[in-house]
Amino acid sequence: MINETYESMLNAKNIIRVLSEFATARGEEIGYDNVFDYSLGNPSVPAPQAFTDEMIRLLREEDPMALHGYSPTLGNPAYKEQIAASLNRRFDMHYTAGHIFPTTGAAGAIAHAVRAVTKPGDTVLTFAPYFPEYQPYITGAGLTLRVVPADREHFQINFSELEKLMDEQVAAVLINTPNNPSGVVYSEETLKRLASFLENRSQRFGHRIFLISDEPYREIVFDGREAPYVSKFYDHTLSCYSFSKALSLPGERIGYVAVHPACEKADKIVPMCGQISRGLGHNCPPSIIQIAVSNTCDLTSDLSVYEINRNLLYDKLTELGYTVEKPGGTFYIMPKAMEEDSVAFCEKAKKYDLILVPADGFGAPGFFRMAYCIDTEKVRRSLPALEKFTREEYGK
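The structure is reproduced here in structure tokens:
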């Protein structure tokens, strides 16, 4: 008998993928350059040349067995040491290699982190708007995901709703900043308030509530700012990172869990992740990628295009009368739709070859997401289509 849970999931396809597939099919009809596809968050800038050069050097000069053999269960020691050193340099932390666990991207990091600090039957809280894949990540670990309704004005944490949903069943809180889909960066004030709240509730309930921070967009921040480093505010934080965005390496599936050195049982969590891997069928990212990234982890791709694209879209959207919070980072923007039914809104946009994602699945009905990790030239050409759509369909 096949697994009915996964069979049922076949009928609940990811709307982002569905729209991306539609855009591809439409592109075959009219040319993909004429489809303004804002569906998929796939980085649109190349990896740094230094990373490419390092890969070439490794293949030419290094021992093939070291490059292509199994890495240790807990990861390549040089990778772990370099990540720890980089985080300490940049954020005044005190990580050692023993606090770093290499993973297949941020998804792999979250899969390990949630299992390390919960047990089946526990509850994990997250905040809308949120990445829809959190649902299978959490339920697949035998946990319940509870979503705190959004602060629909600024998309910081809605603390009044958090108060209502926090109870003794909550073992961990999962946050994402800079945020997909809103582009909002949680402020220091928000993070300090959350840390105080979690400390208070941990003492009240008599068990530690862990904070899991999903932060693959940490380096994509605008207006000359930096994203506050979440682990600075709460000792019991597991930071989940991916180089998919900063180094434009989504296909290489490389990231890590960084366990705060002051975290409860910090010395045990990384070894536990090694044991979790046995159940997940995961045993470290590829050796060559760990080695290459260990030598380039302080670099980023040229991320400036995302800020240019944000400005173009934000200016046009506000000009057309959309209500939208200006993104502080990422490559997403999440305006309010021109009607209550954002699914219908996005369906109408398809007639203008605009591929927009309704935000219902992100926990923000009535809004829509645009992933603007596309060529700036194409963003510029999409603006007349956006204006035509808005005026013809909504008289704006």
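Residue numbers (the working numbering): 432 to 827.
All residues carry an ideal CB built from backbone N, CA and C; glycine is no exception.
Quick caveat, the model's predicted, so the values are computed rather than measured.
Check                                                                                                                                                                                          : Outcome
Alpha carbon to alpha carbon, what distance is there between Glu824 and Lys779?                                                                                                                : 8 Å
From Ala478 to Asn631, what does the alpha carbon distance come to, in whole angstroms?                                                                                                        : 43 Å
In whole angstroms, what separates the C-alpha of Pro789 from that of Arg635?                                                                                                                  : 39 Å
From which residue to which residue does the alpha helix (DSSP H) around Ala723 run?                                                                                                           : Ser718 to Ser725
With distance defined between alpha-carbon atoms, name the residue in Thr608, Gln480 and Glu750 nearest to Pro815.                                                                             : Glu750
Tell me the rounded alpha-carbon separation between Lys767 and Cys777.                                                                                                                         : 11 Å
Rounded to whole angstroms, how far is the Cβ of Gly705 from the Cβ of Thr535, which I believe are closer than 8 Å?                                                                            : Contact flag wrong, Cβ pair sits at about 14 Å.
I need the straight-line Cα distance from Ala802 to Gly472, nearest angstrom please.                                                                                                           : 5 Å
Measure from the alpha carbon of Ile569 to the alpha carbon of each residue in Leu596, Ala540, Gln513 and Glu594, then state which is nearest.                                                 : Ala540
Cβ atoms of Thr668 and His638: under 8 Å apart, would you say?                                                                                                                                 : no
From Lys676 to Pro533, what does the alpha carbon distance come to, in whole angstroms?                                                                                                        : 16 Å
Note down the Cα distance separating Glu564 from Arg448, rounded to an integer number of angstroms.                                                                                            : 12 Å
Quickly, what does DSSP pair Thr570 with across the bridge? List them, please.                                                                                                                 : DSSP lists no partner for Thr570.
Go through its chain and collect everything with a Cβ distance to Met496's Cβ below 6 Å, but skip five positions before and after it.                                                          : none
Starting from the C-beta of Pro758, find all residues in its chain whose C-beta is less than 6 Å away, skip the five residues before and the five after it, and write them out in chain order. : Gly614, Arg741 and Ile764
Could you check if Glu492 belongs to the surroundings of the ligand ADP, using beta carbon to heavy atom distance under 7 Å?                                                                   : Among the ligands in the structure shown, none appear at all, so the ligand ADP cannot be discussed.
What is the DSSP secondary structure of Ala528, counted as helix, strand or coil?                                                                                                              : helix
Determine, using beta-carbon pairs with one atom in the segment 544-554 and one in the segment 715-730, whether at least three such pairs fall under 8 Å.                                      : no
Would you mind reading off the limits of the beta strand (DSSP E) that contains Ile606?                                                                                                        : Val601 to Asn607
Taking 8 Å as the threshold (beta carbon to beta carbon), is Asp806 in contact with chain D?                                                                                                   : The displayed structure is made up of one protein chain only, and chain D is not part of it.
Relative to the C-alpha of Val601, which residue among Leu642, Ser591, Phe586 and Tyr665 is closest?                                                                                           : Leu642
Going by beta carbon distance, what residues of the same chain come within less than 7 Å of Tyr561, once the five residues before and after it are set aside?                                  : Val578, Asn607, Phe793 and Gly794
Put Pro560 into one of helix, strand or coil per three-state DSSP.                                                                                                                             : coil
DSSP state of Cys804, grouped into three classes?                                                                                                                                              : coil
Who pairs with Lys676 in a beta bridge, going by DSSP?                                                                                                                                         : None, per the DSSP bridge assignment.
Taking the beta strand (DSSP E) that Asp645 belongs to, which residues open and close that run?                                                                                                : Phe641 to Asp645
In terms of DSSP beta bridges, what is Lys767 paired with?                                                                                                                                     : Phe798
Would you kindly check if the distance between the Cβ of Glu650 and the Cβ of Leu518 is under 8 Å?                                                                                             : no
Near Thr727, what residues of its chain come up, given a Cβ to Cβ distance below 6 Å and the 5 sequence neighbours on each side ignored?                                                       : Ala481, Phe482 and Glu485
Report the partner residues of Ser451 according to the DSSP bridge assignment.                                                                                                                 : DSSP lists no partner for Ser451.
Hey, is the segment 615-623 in contact with the segment 587-603, meaning 3+ C-beta pairs nearer than 8 Å?                                                                                      : yes
Grab me the residues of Glu512's own chain with a C-beta within less than 7 Å of its C-beta, minus the 5 sequence neighbours each way, in chain order.                                         : Ala528
Counting along the chain, where does the alpha helix (DSSP H) carrying Ala693 start and finish?                                                                                                : Unbroken run through Ala693: none, as it is neither H nor E.
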